[in-house]
Amino acid sequence: VQLQAFGGGLVEAGGSLKLSCVASEKILFMNAVSWYRQAPTNERELVAVITTRDGKIFSDYLDSVKGRFTMSADSASDTVFLRMNNLKPEDTAVYYCNAIFRGEEYWGHGTLVTVSS
1291 VQLQAFGGGL VEAGGSLKLS CVASEKILFM NAVSWYRQAP TNERELVAVI
1341 TTRDGKIFSD YLDSVKGRFT MSADSASDTV FLRMNNLKPE DTAVYYCNAI
1391 FRGEEYWGHG TLVTVSS
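Numbering (the working numbering), first residue to last: 1291 to 1407.
Next up, the structure:
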């Protein structure tokens, strides 16, 4: 599975960005699709995840982004999105798209998000 993430950039605090991740396989067949991030001095952390079980879609978020970030998916284009509102300087990080497909884990190249204060 190839994952191509894009949409990062420089934004002022309080601003918004929308990240996109295009998958080379059908996202409906994936066990989970996630966004992770890694700041320069931190470990990589899970930001948002979409999973499917019994035909239902579940999402979950890192506590610090709940109410500000929204993850969504477009099955027609096999793209997942991360809408980020009210960005804060502590959201500055490289954001990575991740997928679990047939028991294997795949990572995309990161896209840098920089939030200025």
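In this text, a Cβ means the ideal position worked out from N, Cα and C, and glycines have one as well.
**OP:** For Gly1305, I'd like the list of residues in its chain whose CB is within less than 6 Å of its CB, leaving aside the five on either flank, ordered along the chain.
**Re:** Leu1377
Original post:
Of all the beta strand (DSSP E) runs that stay within the bounds of the region 1359-1407, which reach a length of 3 or more residues?
Top reply: 1359-1364, 1369-1374, 1383-1391, 1394-1397, 1401-1406
Subject >> Simplified DSSP assignment, three categories, for Val1339 >> reply: strand
Original post:
Assuming Ser1314 contacts Val1339 under a Cβ cut-off of 8 Å, what Cβ separation, rounded to an integer in Å, is found between them?
Top reply: About 19 Å; that fails the 8 Å criterion.
**OP:** May I ask you to report which of helix, strand or coil DSSP gives Ser1310?
**Re:** strand
Original post:
When the distance is taken between beta carbons, is Phe1371 closer than 9 Å to Val1337?
Top reply: no
Original post:
Per DSSP, which one or two residues make a beta bridge with Arg1327?
Top reply: Glu1335, Tyr1385
Original post:
What whole-angstrom Cβ distance do Leu1293 and Tyr1396 have, given they're in contact under 8 Å?
Top reply: 6 Å
Original post:
From Ala1423 to Leu1402, what does the alpha carbon distance come to, in whole angstroms?
Top reply: The requested residue 1423 does not occur in the structure, where the chain is confined to residues 1291 to 1407.
Original post:
To the nearest angstrom, how far is it from the Cα of Glu1302 to the Cα of Ser1362?
Top reply: 23 Å
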